[in-house]
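Contents: one structure, followed by commentary.
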Amino acid sequence: MHHLLPSDISKSTDFGEARGHGDYDSDFSDEDNGEKSVQKTKSTKEDGLLTKPFQKAKQGSVVHRQFAAQEWDREEARKRRFHLISMDAYERHKKLVKDYILYYGGKMEDFRRSGANDKTDLDVIRENHRFLWNEDDEADMNWEKRLAKKYYDKLFKEYCIADLSRYKENKFGFRWRHEKEVISGKGQFSCGNKHCDEQEGLRSWEVNFGYVEHGEKRNALVKLSKYRHFNGDKCLVLLKL
Numbered sequence: 001m002h003h004l005l006p007s008d009i010s011k012s013t014d015f016g017e018a019r020g021h022g023d024y025d026s027d028f029s030d031e032d033n034g035e036k037s038v039q040k041t042k043s044t045k046e047d048g049l050l051t052k053p054f055q056k057a058k059q060g061s062v063v064h065r066q067f068a069a070q071e072w073d074r075e076e077a078r079k080r081r082f083h084l085i086s087m088d089a090y091e092r093h094k095k096l097v098k099d100y101i102l103y104y105g106g107k108m109e110d111f112r113r114s115g116a117n118d119k120t121d122l123d124v125i126r127e128n129h130r131f132l133w134n135e136d137d138e139a140d141m142n143w144e145k146r147l148a149k150k151y152y153d154k155l156f157k158e159y160c161i162a163d164l165s166r167y168k169e170n171k172f173g174f175r176w177r178h179e180k181e182v183i184s185g186k187g188q189f190s191c192g193n194k195h196c197d198e199q200e201g202l203r204s205w206e207v208n209f210g211y212v213e214h215g216e217k218r219n220a221l222v223k224l225s226k227y228r229h230f231n232g233d234k235c236l237v238l239l240k241l
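For the sequence shown, full-length UniProt numbering puts the final residue at 241, and the numbers step up evenly by one.
Following this line, the structure appears as structure tokens:
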């Protein structure tokens, strides 16, 4: 059994120096430092969760004037774009015209189109209509001719309707029948004269129909199915090719 000397006791009780921590140390200080580090880590994680992916970094100082002006212009452009998109085409057109007049000057009358040269579909058909279409007529087709040809294809070209209002000048007008006239029998079971509806005393014959169309003289052999005398005037009826 060994006995410790006072000098040995002093050496063995110097716990601070033996551990290499200086003069004094405490277990409570280590626990406090651990709690602070855990709280700091937790707050850092919470800040990361609350931060949005598209959120810009916080600026500690006032932004530059040029940057603020660019942001203002971008926001105003976004508002104007949304306002224009919410309008229909006509309202948007009127707003743009008003803005143009406001900035560049002028009058609303300057933007009103003239209708002097406007044409309806009927006007186009009348200008490009042909009594008979041949291969040469269909060689160079624009949209006006295509419209007239489409109307021509819808006509019934078995019998014609005659206009005898200028027969004393030896001038006659012929045209093809449309659907309503075919259903009613006009020009087939009644007189082919536009102003006559007689159904009796009809005879047939053929005639060479000469006409001028678009500055060109043409001929077509037209068969007049029947005719009769009516108050001393000839009524041409049931014209057929």
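Beta carbons are placed, not taken as given, at the ideal position from N, Cα and C, and that holds for glycine.
For residue i, report the span of its beta strand (DSSP E) as first-last.
i: Trp176; result: 173–177
i: Ala162; result: 156–163
Measure the Cβ-Cβ separation of residue i and residue j and say whether it is below 7 Å.
i: Asn134; j: Glu144; result: no
i: Tyr159; j: Gly187; result: yes
i: Ala220; j: Leu132; result: yes
i: Tyr104; j: Ile125; result: no
i: Phe111; j: Val97; result: yes
i: Ile161; j: Gly201; result: no
How many Å lie between residue i and residue j at the Cα?
i: Leu122; j: Leu147; result: 10 Å
i: Ala139; j: Phe189; result: 37 Å
i: Gly232; j: Gly115; result: With a pLDDT of only 41 at Gly232, under the threshold of 50, the placement of this residue in the model should not be trusted, and no figure is reported.
i: residue 283; j: Tyr100; result: This structure gives no information on residue 283, because the portion of the chain shown stretches from 1 to 241.
i: Lys217; j: Tyr211; result: 6 Å
i: Ala89; j: Arg80; result: 15 Å
i: Arg175; j: Lys157; result: 9 Å
i: His21; j: Ala68; result: For His21, the pLDDT reaches just 46, beneath the cut-off of 50, and the residue's location in the model is therefore unreliable, although a value from the coordinates is still provided. Spanning the two alpha carbons is a distance of roughly 57 Å.
i: Arg130; j: Gly106; result: 46 Å
In the DSSP output, what is residue i paired with across the bridge?
i: Gly218; result: First, the residue type needs correcting, since residue 218 is Arg and not Gly in the sequence shown. Arg218 pairs with Tyr211.
i: residue 292; result: Shown here, the chain extends from 1 to 241; a query on residue 292 therefore has no answer.
Identify the continuous alpha helix (DSSP H) that holds residue i and give its terminal residues.
i: Trp133; result: Careful: Trp133 lies outside any alpha helix (DSSP H) and carries neither H nor E.
i: Ala77; result: 65–85
i: Lys95; result: 89–104
i: Arg146; result: 143–153
Might you give, ordered along the chain, the residues of its own chain that have their beta carbon closer than 8 Å to the beta carbon of residue i, omitting 5 neighbours on each side?
i: His214; result: Arg130
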